[in-house]
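Shown next, in structure tokens, is the structure this report addresses.
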Amino acid sequence: MPESCQKVAEQKESKVTLDDVNGNGGKTPAYAYFFEFIPYLFLAALGVVLGKILAVFRKKEIRNRMMASSFSMFRQNVQILLGFLLMGSVLYFLSILIAALIYRKDMLSAANLGYYLLNSYVDMLAALEFAFIIGLLVKEEKRVDMIITPLSLGICFLCGVFVPQAVLSDSVQKVASFLPVHWYEKVNNLLIDHAEITGEVGQQVWQGIGIQVLFLFALAGIVLAIVKYKQQER
């Protein structure tokens, strides 16, 4: 026993080299957490603020004045949508500006920053349409908070915003795949794991963003269907 212990002690130290798989020294960059949680900001903030604005527009006295206007209902809805887009874009750029001030060079020098920005902007557009749908369906302004808060929390838990997608069961992820936030988080996870987006990883990233764009068209179709139904109802 003493001899064996002495031999072990005399052995040279072994060096272990770890591969930098994700291009970030094997670590998750701090700014990645900002992009990971930003869907909740968009869903909650845009849902409450813009949902309430649209609910106000649907009040009887305001609706009657709008119907008496020389502008068609289609033109009015387009202008409201453009207003929503402006407000959503302002919130988006303010959020990115704050993140840039906090993380500075680490974020601004990231090779895949453009993918982060594109992915998060598409997610913001989906949150806008979500807010528009809620505003069309909810009749009373005070009920917007009651609906948006649990709904946005539920979506974020289901899609992997608050809980990593890796720990979610396959059945949960299958259900979540019918929501655009799920695909946003899938792309975000790919960006975390790969600093440089090339080859098969690039295809997966663009596929995830493309699916989110398809969701935008689907949500836009739902908005148009609700607007048409509301017009016939009047």
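Residue numbers for the sequence shown follow our numbering, so the first one is 7 and each next one is one higher. Even for Gly, the Cβ is constructed at its ideal location relative to N, Cα and C.
**Request:** Drop a sphere of 10 angstroms on the beta-carbon of Val187, count the other beta-carbons inside from all chains shown, and report buried for 16 or more, exposed for fewer.
**Result:** buried
**Request:** Determine the contact status of Gly53 and Phe136, defining contact as a CB-CB distance below 8 Å.
**Result:** yes
**Message:** Less than 7 Å between C-beta atoms, sequence neighbours within five positions excluded: which residues of the same chain meet that for Ile154?
**Reply:** Only residues of its own chain outside the window of five on either side were considered, and among them Ala50, Gly53, Val54, Gly57, Ile140 have a CB closer than 7 Å to the CB of Ile154, listed in chain order.
**Message:** Which residue marks the beginning of the alpha helix (DSSP H) containing His188, and which one marks its end?
**Reply:** 186-199
**Request:** Can you check the stretch 133-159 for any beta strand (DSSP E) of at least 3 residues that lies completely inside it and give the ranges in chain order?
**Result:** none
**Prompt:** Just curious, the alpha helix (DSSP H) that Leu60 is in, first and last residue?
**Reply:** Boundaries of the alpha helix (DSSP H) around Leu60: 53-63.
**Prompt:** Phe168 to Arg71, Cα distance in whole Å?
**Reply:** 43 Å
**Asked** How many angstroms separate the CA atom of Leu119 from the CA atom of Leu225?
**Response** Spanning the two alpha carbons is a distance of roughly 27 Å.
**Beta-carbon contacts of Val178 that lie in its chain and below 6 Å, excluding the five residues immediately before and after** = none
**C-beta atoms of Ile198 and Thr34 nearer than 8 Å** = yes
**Request:** Report the three-state DSSP secondary structure of Val181 (helix, strand or coil).
**Result:** helix
**Request:** Compare the C-alpha of Gly216 against each of Ile104, Asp129, Cys165 and name the closest.
**Result:** Comparing Cα positions, the closest option is Asp129.
**Prompt:** Which of helix, strand or coil does DSSP assign to Lys66?
**Reply:** Looking at Lys66 - three-state DSSP - the assignment turns out to be helix.
**Local Cβ density within 10 Å of Val22, reported as buried at 16 or more and exposed below that** = Because Val22 carries a pLDDT of 46, less than 50, the predicted location of this residue cannot be relied on, and the following value inherits that uncertainty. Val22 should be labelled exposed.
**Item:** 8 Å Cβ cutoff met for Leu250 and Val181
**Value:** Given that the chain is displayed from residue 7 to residue 240, the structure contains no residue 250 and the question cannot be resolved.
**Asked** Roughly how many angstroms lie between the CA atoms of Gly214 and Gly89, to the nearest whole one?
**Response** Using only the alpha carbons, I get a separation of about 27 Å.
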